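The structure appears right after this line, and notes come after that.
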Amino acid sequence: MNAADEPFLMCVEDVFCRNQGRVVLLTGRIERGRVRKGDEVEIVGFGGGAIVPVEGIEGVCGRPVGEASAGMNVGLLLPGVAAGPADTTERGQVIAAPGSVTAHAGFEADIALLSEEQGSVAVSTGERLQFHFRAAVVPGVVSLTQATDILHPLHGGMVEVALERPVAIEEGQPFVFRHHGRAAGSGTVTRLLR
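Position in the sequence shown (from 1) plus 200 gives the number in our numbering.
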């Protein structure tokens, strides 16, 4: 299966309102698949879930295109979708083929900590970290799943994470995390929980 045959997925990097908010332009890079004008897409993560038709696609310099595929930076025009922090569309959400990706607030992961010289510190159960998935930044609490209570810099291990908000994630997806505003390490999602 080539990338164009996979279900469509694009991370929202920016949100712009058009026509007094009746149409929203969501911009980002298409991660996989393809999308055409008229296709239905789902907004996933951060309380999203709306399924709406693609009213238009803007390519380079805002030029309209009928279809876009993996690797392209585009803007999708979606009707009837609110924008803003208290509304339904924001940076870090994912636009995808309906039902192809789901949002989760919990997962297991294999993580590796950076060195102390790179700014990392020890991480223990109950630690609150900032997790970065694509363009999404979500606070979460980590629980070590091994017999140890603490992971030291340059070490790794399996953890369970409880996020404050559900985000679109998939098994095998890489992520990075920060501790008190400093880069701390990276990981890979091994199992989705809730």
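Even for Gly, the Cβ is constructed at its ideal location relative to N, Cα and C.
Bear in mind that the values here come from a model prediction, so they are computed numbers and not experimental data.
Measuring straight from C-alpha to C-alpha, what distance separates residue i and residue j?
i: alanine 283; j: valine 337; result: Bear in mind that the predicted position of alanine 283 carries a pLDDT of just 49, short of 50, making it unreliable; the figure below should be weighed with that in mind. Cα-Cα distance, rounded: 18 Å.
i: glutamate 360; j: leucine 276; result: 35 Å
i: glycine 381; j: serine 343; result: 19 Å
i: glycine 247; j: alanine 297; result: 17 Å
i: aspartate 205; j: valine 252; result: 21 Å
i: cysteine 217; j: proline 279; result: 10 Å
i: leucine 226; j: glutamate 364; result: 24 Å
i: alanine 309; j: glutamate 327; result: 15 Å
i: leucine 354; j: glycine 266; result: 48 Å
i: valine 212; j: proline 366; result: 15 Å
i: alanine 347; j: valine 341; result: 18 Å
i: alanine 286; j: glycine 228; result: Its pLDDT being 42, under 50, alanine 286 is placed unreliably in this model, and the value from its coordinates should be taken loosely. Cα-Cα distance, rounded: 21 Å.
i: alanine 335; j: alanine 362; result: 19 Å
i: threonine 345; j: proline 264; result: 50 Å
i: alanine 426; j: alanine 303; result: In the structure as shown, the chain begins at 201 and stops at 394. Residue 426 is therefore absent and cannot be evaluated.
Between the options, which has its C-alpha nearest residue i's C-alpha?
i: glutamine 293; options: Leu314, Val341 and Glu242; result: Glu242
i: valine 321; options: Arg218, Gly385, Arg391 and Asp349; result: Gly385
i: threonine 325; options: Ile230, Glu316, Leu351 and Phe208; result: Leu351
i: glycine 299; options: Ala250, Glu213 and Gln318; result: Ala250
i: glutamate 370; options: Cys217, Arg394, Gly228 and Ser315; result: Arg394
i: isoleucine 230; options: Arg263, Arg365, Gly259 and Phe331; result: Gly259
i: glycine 372; options: Glu206, Val235 and Arg391; result: Arg391
i: glycine 375; options: Leu329, Thr348 and Leu354; result: Here residue 375 turns out to be phenylalanine, not glycine, going by the sequence shown. The shortest C-alpha separation from phenylalanine 375 is found at Leu329.
i: glutamine 318; options: Ala383, Glu213 and His332; result: Ala383
i: glycine 271; options: Gly387, Val389, Phe208 and Ala362; result: Phe208
i: valine 301; options: Arg234, Ala268, Val265 and Val244; result: Val244
i: methionine 210; options: Val223, Val254 and Arg222; result: Val254
i: glycine 356; options: Val265, Ala368, Leu313 and Ala305; result: Leu313
i: threonine 388; options: Ala335, Asn273 and Phe331; result: Phe331
i: arginine 236; options: Val274, Gln346 and Ala362; result: Val274
i: valine 223; options: Val212, Arg234, Gly256 and Glu213; result: Gly256
i: phenylalanine 333; options: Ala305, Arg234, Ser269 and Ala268; result: Ala305
i: arginine 234; options: Ala268, Val215, Gly228 and Pro264; result: Ala268
i: methionine 358; options: Ile311, Pro264 and Gly238; result: Ile311
Just mark residue i as buried or exposed, buried being the case when its beta carbon has 16 or more other beta carbons within 10 Å.
i: glutamate 290; result: buried
i: phenylalanine 377; result: buried
i: histidine 379; result: buried
i: arginine 232; result: buried
i: glutamate 240; result: exposed
i: phenylalanine 307; result: buried
i: glycine 262; result: exposed
i: valine 323; result: buried
i: proline 339; result: exposed
i: glutamate 316; result: exposed
i: aspartate 214; result: exposed
Notebook entry, point to check: In the segment 229-268, which residue ranges form an unbroken beta strand (DSSP E) of at least 3 residues, counting only runs that do not cross its ends?
Noted result: Within the segment 229-268, complete beta strand (DSSP E) segments of at least 3 residues are found at 234-236, 240-244, 251-253 and 256-258, given in chain order.
Check: What beta strand (DSSP E) runs, 3 residues minimum, are completely inside the segment 315-366?
Finding: 328-333 and 336-344
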